[in-house]
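Heads up: the protein sequence lines correspond to chains A and B, in order.
Residue numbers are given in numbering that gives the first Met the number 0: position 132 of the first sequence equals residue 131, and the series is strictly consecutive.
Residue numbers are given in numbering that gives the first Met the number 0: position 225 of the second sequence equals residue 224, and the series is strictly consecutive.
Protein chains: 2
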Amino acid sequence: MNDNQHLTMKDIARDLGVSVATVSRALSDSPSISRERRQAIQQYAREHNYFPNVIAEQLRHSKRNPSRAIGVIVPELVHYYFSSILDGIEAEASSRGYQIMVAKSNESYEREVEICEAMLKNKVCGIIVSQAKDTEKYDHFKRLVAAGVPLVFYDRICPALNASRVVVDDYMGTLNAVSHLIETGCQRIAFYGASMNMMIAKNRFNGYRDALYKHGMTLDESLVRICDNRADAERITPAMMRMENPPDAFFAVNDETAIGILTVVKRLGYIVPDEVSICGFTNGFRATVCDPMLTTVEQRGTQVGKEAADILISLVEGTLPADHAEKRIVKTRLVLRGTTRHP
Amino acid sequence: MNDNQHLTMKDIARDLGVSVATVSRALSDSPSISRERRQAIQQYAREHNYFPNVIAEQLRHSKRNPSRAIGVIVPELVHYYFSSILDGIEAEASSRGYQIMVAKSNESYEREVEICEAMLKNKVCGIIVSQAKDTEKYDHFKRLVAAGVPLVFYDRICPALNASRVVVDDYMGTLNAVSHLIETGCQRIAFYGASMNMMIAKNRFNGYRDALYKHGMTLDESLVRICDNRADAERITPAMMRMENPPDAFFAVNDETAIGILTVVKRLGYIVPDEVSICGFTNGFRATVCDPMLTTVEQRGTQVGKEAADILISLVEGTLPADHAEKRIVKTRLVLRGTTRHP
DNA sequence: TCGGATTACGCAAACGATTGCATTTAAATA
DNA sequence: TATTTAAATGCAATCGTTTGCGTAATCCGA
Numbered sequence: 000m001n002d003n004q005h006l007t008m009k010d011i012a013r014d015l016g017v018s019v020a021t022v023s024r025a026l027s028d029s030p031s032i033s034r035e036r037r038q039a040i041q042q043y044a045r046e047h048n049y050f051p052n053v054i055a056e057q058l059r060h061s062k063r064n065p066s067r068a069i070g071v072i073v074p075e076l077v078h079y080y081f082s083s084i085l086d087g088i089e090a091e092a093s094s095r096g097y098q099i100m101v102a103k104s105n106e107s108y109e110r111e112v113e114i115c116e117a118m119l120k121n122k123v124c125g126i127i128v129s130q131a132k133d134t135e136k137y138d139h140f141k142r143l144v145a146a147g148v149p150l151v152f153y154d155r156i157c158p159a160l161n162a163s164r165v166v167v168d169d170y171m172g173t174l175n176a177v178s179h180l181i182e183t184g185c186q187r188i189a190f191y192g193a194s195m196n197m198m199i200a201k202n203r204f205n206g207y208r209d210a211l212y213k214h215g216m217t218l219d220e221s222l223v224r225i226c227d228n229r230a231d232a233e234r235i236t237p238a239m240m241r242m243e244n245p246p247d248a249f250f251a252v253n254d255e256t257a258i259g260i261l262t263v264v265k266r267l268g269y270i271v272p273d274e275v276s277i278c279g280f281t282n283g284f285r286a287t288v289c290d291p292m293l294t295t296v297e298q299r300g301t302q303v304g305k306e307a308a309d310i311l312i313s314l315v316e317g318t319l320p321a322d323h324a325e326k327r328i329v330k331t332r333l334v335l336r337g338t339t340r341h342p
Numbered sequence: 000m001n002d003n004q005h006l007t008m009k010d011i012a013r014d015l016g017v018s019v020a021t022v023s024r025a026l027s028d029s030p031s032i033s034r035e036r037r038q039a040i041q042q043y044a045r046e047h048n049y050f051p052n053v054i055a056e057q058l059r060h061s062k063r064n065p066s067r068a069i070g071v072i073v074p075e076l077v078h079y080y081f082s083s084i085l086d087g088i089e090a091e092a093s094s095r096g097y098q099i100m101v102a103k104s105n106e107s108y109e110r111e112v113e114i115c116e117a118m119l120k121n122k123v124c125g126i127i128v129s130q131a132k133d134t135e136k137y138d139h140f141k142r143l144v145a146a147g148v149p150l151v152f153y154d155r156i157c158p159a160l161n162a163s164r165v166v167v168d169d170y171m172g173t174l175n176a177v178s179h180l181i182e183t184g185c186q187r188i189a190f191y192g193a194s195m196n197m198m199i200a201k202n203r204f205n206g207y208r209d210a211l212y213k214h215g216m217t218l219d220e221s222l223v224r225i226c227d228n229r230a231d232a233e234r235i236t237p238a239m240m241r242m243e244n245p246p247d248a249f250f251a252v253n254d255e256t257a258i259g260i261l262t263v264v265k266r267l268g269y270i271v272p273d274e275v276s277i278c279g280f281t282n283g284f285r286a287t288v289c290d291p292m293l294t295t296v297e298q299r300g301t302q303v304g305k306e307a308a309d310i311l312i313s314l315v316e317g318t319l320p321a322d323h324a325e326k327r328i329v330k331t332r333l334v335l336r337g338t339t340r341h342p
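Structure representation (structure tokens):
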């Protein structure tokens, strides 16, 4: 044993007076080693707590076998949806014998580039990523595919790249939710969405719009706002309720925003859901904590994560052809609770 | 370039008619290579998008330099406190040039052992871990230290090992919180805690007990319950309130449990905080979502994560001696909100 | 013009494993 | 007993880097 370092095959070979090759074969149960020797070597290895050096193994195999580390880039960590996704990825990965290497982009383009660099250097076998908000150049992603590292996008996909992706069915999720509001008697439904340059925001808006049309209603621009967080919601909602013809329902792009609305609306003395209905999107921790509990669209982050990991691993293992762009859509589910009326 | 694989130094050397050694030195800006050659090689490398194979680098350096991957074991991922910790670890690690490898133990001993094995094989330079609930044997941890892999515990520490650790000041946090309840007029304060075989549970209970003593009150066993989740809280709280002398305040071991209490107490018609005060522990998402908002002890997961990563990296880099067991305590902070009266 | 100091490079041995091929040894066959 | 054959092992190259040491080539001053 060199220093206090790990025991290597060389050590075993020396101590037992055989060659390294023999040790290697014995430990991999090769039949070309005699039973006695094989057992002796295996026992010695066990007793001396030998375990192979993966670095060396990988170097040797780098031509044929990729590593078993999956890079995961998340915009945020302390976030219900993203930690659900991480959870799904971890579950799928570990059950198939992969490790995950996690990095947080903090929604920053520069950081995203750094991370890609680091992951490339660390020889991850593939990367699962949700693009940072301010990313508008894609060279770092292109370098990855050029280097033969499969890429799977989730949540915020890269429009410029025809890569594999898994997204949530934002359109149908919103359409169903807004339909529910209409069918329970809401007439003027406000929409709080994110900035429209993100696909996901656009899809949700379209779902909202089409739900109105489907029910013969018209779109009132004054009811549509860009607002995707609680602080903004608390700031702009009072003015909404002061309109001469205020909304009798709100659809918010996430639970956090919905909670902001709920807080204000309750403070103003409206009864939820009788006078004002509210629907969120996520179904995270918050949804069952507020009073009344929040009706919301379940986003199924864990499922998104699992699908993403499944695609990536299939790409890595060749079950899916390397140049294939697999696109999956995870169905949402409307969870009815106390902030909307029930039919 | 071999196949569609990565460009190696060997390729550069061949194409430029120099030796691999020269390429290596040129790329590392060694002064022993002439300027022209150095620049030519660097340019060629840049143009052909060369990047070093970290696997090989590491193998070469394995004697002296450890890897730069930190293993992190968390019991759960979709969990405010743990994701905060992960966030802190990620921040500290990435700012110091380390990657993190994350695995979820799911509170299972078997899984924990598997993970340790996998991480050992993957040559992480150290491991940050919160023990799973049902772990009672510690051989897997001992093997790690025997293999020279530094270990840092957080949250649930391993009592059998004198390892580095960072914990939250559960005792003082609880003592202060309960003191606050007393000082705002509460007389009968119930305590919902976790099973006492965990240090963290015991410390919080002691804080509760000592706060009572400090204020000249006595401990009423009928007010102490083992309960650390919402479902249980909703189940047992009605009975508590039906006691002939019901509590006028609750201290809960986490926010989730506190929310359960709040829900029941409100449903039973009590006014919070006037008739019943409630205090939680965590200060996660939930705390500002419920109505009234929750007074709670801020657990500062991000700080815990940062400290843990700092210790581990210091251990790895030798700033702290390898056999040193660094023990840090992160101070908590009482956050006053609507579920308790204010002085 | 020559010896010694630079300068600029190559050789080859590591790091820890795997594996095709050669070689030894023992057993089986003629 | 000589020869074939199978079983058991070793040799050495390989994966992509790094680095100590050796050695041409160049330069300097005397």
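Beta carbons are placed, not taken as given, at the ideal position from N, Cα and C, and that holds for glycine.
To the nearest angstrom, report how far apart residue i and residue j are at their CA atoms.
{"i": "B/Asp2", "j": "B/Gln57", "result": "Interpretation of B/Asp2 is limited by its pLDDT of 37, a score under 50 that renders its predicted location unreliable; the figure taken from the coordinates is listed afterwards. Answer to the nearest angstrom: the Cα atoms are 23 Å apart."}
{"i": "A/Arg45", "j": "A/Pro51", "result": "12 Å"}
{"i": "A/Val151", "j": "B/Leu174", "result": "48 Å"}
{"i": "A/Pro186", "j": "A/Leu211", "result": "Before going on, a small fix: residue 186 of chain A reads as Gln here, not Pro. Taking the straight line joining both Cα atoms gives about 10 Å."}
{"i": "B/Glu116", "j": "A/Tyr49", "result": "12 Å"}
{"i": "A/Met162", "j": "A/Val148", "result": "Looking at the sequence shown, residue 162 of chain A is not Met but Ala. Answer to the nearest angstrom: the Cα atoms are 12 Å apart."}
{"i": "B/Arg229", "j": "A/Glu255", "result": "21 Å"}
{"i": "B/Asp322", "j": "B/Lys201", "result": "28 Å"}
{"i": "A/Ile127", "j": "A/Thr281", "result": "21 Å"}
{"i": "A/Met292", "j": "B/Ser104", "result": "31 Å"}
{"i": "A/His214", "j": "A/Thr183", "result": "12 Å"}
{"i": "A/Met0", "j": "A/Ala159", "result": "Interpretation of A/Met0 is limited by its pLDDT of 37, a score under 50 that renders its predicted location unreliable; no figure is taken from the coordinates."}
{"i": "B/Ala193", "j": "B/Gly317", "result": "37 Å"}
{"i": "B/Tyr108", "j": "B/Gln130", "result": "8 Å"}
{"i": "A/Val22", "j": "B/Lys305", "result": "42 Å"}
{"i": "A/Val223", "j": "B/Asp231", "result": "41 Å"}
In three-state DSSP terms, what is residue i?
{"i": "A/Met8", "result": "helix"}
{"i": "B/Gly125", "result": "strand"}
{"i": "B/Arg95", "result": "coil"}
{"i": "A/Asp2", "result": "Residue placement at A/Asp2 cannot be trusted, given a pLDDT of 37 that sits under 50; the coordinates are not used to answer."}
{"i": "A/Gly87", "result": "helix"}
{"i": "B/Tyr108", "result": "helix"}
{"i": "A/Tyr191", "result": "strand"}
{"i": "B/Ile72", "result": "strand"}
{"i": "B/Tyr153", "result": "strand"}
{"i": "B/Cys289", "result": "coil"}
{"i": "B/Arg67", "result": "coil"}
{"i": "A/Thr294", "result": "strand"}
{"i": "B/Cys115", "result": "helix"}
{"i": "A/Phe284", "result": "helix"}
{"i": "B/Ile312", "result": "helix"}
{"i": "A/Gln335", "result": "Reading off the sequence shown, one finds Leu at residue 335 of chain A, where the question assumed Gln. If DSSP states are grouped into helix, strand and coil, A/Leu335 belongs with coil."}
{"i": "B/Lys305", "result": "helix"}
{"i": "B/Gly215", "result": "coil"}
{"i": "B/Ala321", "result": "coil"}
Exposed or buried, what is residue i when buried is set at 16 or more other beta-carbons lying within 10 Å of its beta-carbon?
{"i": "B/Arg234", "result": "exposed"}
{"i": "B/Ala286", "result": "buried"}
{"i": "A/His179", "result": "buried"}
{"i": "A/Asn64", "result": "exposed"}
{"i": "B/Arg13", "result": "exposed"}
{"i": "B/Pro237", "result": "exposed"}
{"i": "B/Leu314", "result": "buried"}
Contact between the region 84-100 of chain A and the region 31-45 of chain B (3+ Cβ pairs under 8 Å): They do not touch, by the three-pair rule.
Given 8 Å, three or more beta-carbon pairs between the region 105-120 of chain B and the region 78-96 of chain B: Counting Cβ pairs under 8 Å, fewer than three are found: no touch.
Cβ contact check for the region 271-284 of chain B and the region 104-118 of chain B: 3 or more pairs under 8 Å: No, because fewer than three Cβ pairs between the region 271-284 of chain B and the region 104-118 of chain B fall closer than 8 Å, the two stretches do not touch.
Cβ contact (3+ pairs, closer than 8 Å) linking the region 68-87 of chain B and the region 22-30 of chain B: Here the region 68-87 of chain B makes no contact with the region 22-30 of chain B; the two share fewer than three CB pairs at distances below 8 Å.
Contact between the region 295-303 of chain B and the region 135-143 of chain B (3+ Cβ pairs under 8 Å): Contact between the region 295-303 of chain B and the region 135-143 of chain B is absent, because fewer than three Cβ pairs lie under 8 Å.
Any 3 or more C-beta pairs closer than 8 Å across the region 163-177 of chain B and the region 325-334 of chain B: Taking 8 Å as the limit for Cβ pairs, the verdict is that the region 325-334 of chain B does touch the region 163-177 of chain B.
At least three beta-carbon pairs within less than 8 Å, the region 303-319 of chain B to the region 304-320 of chain A: Touching, no.
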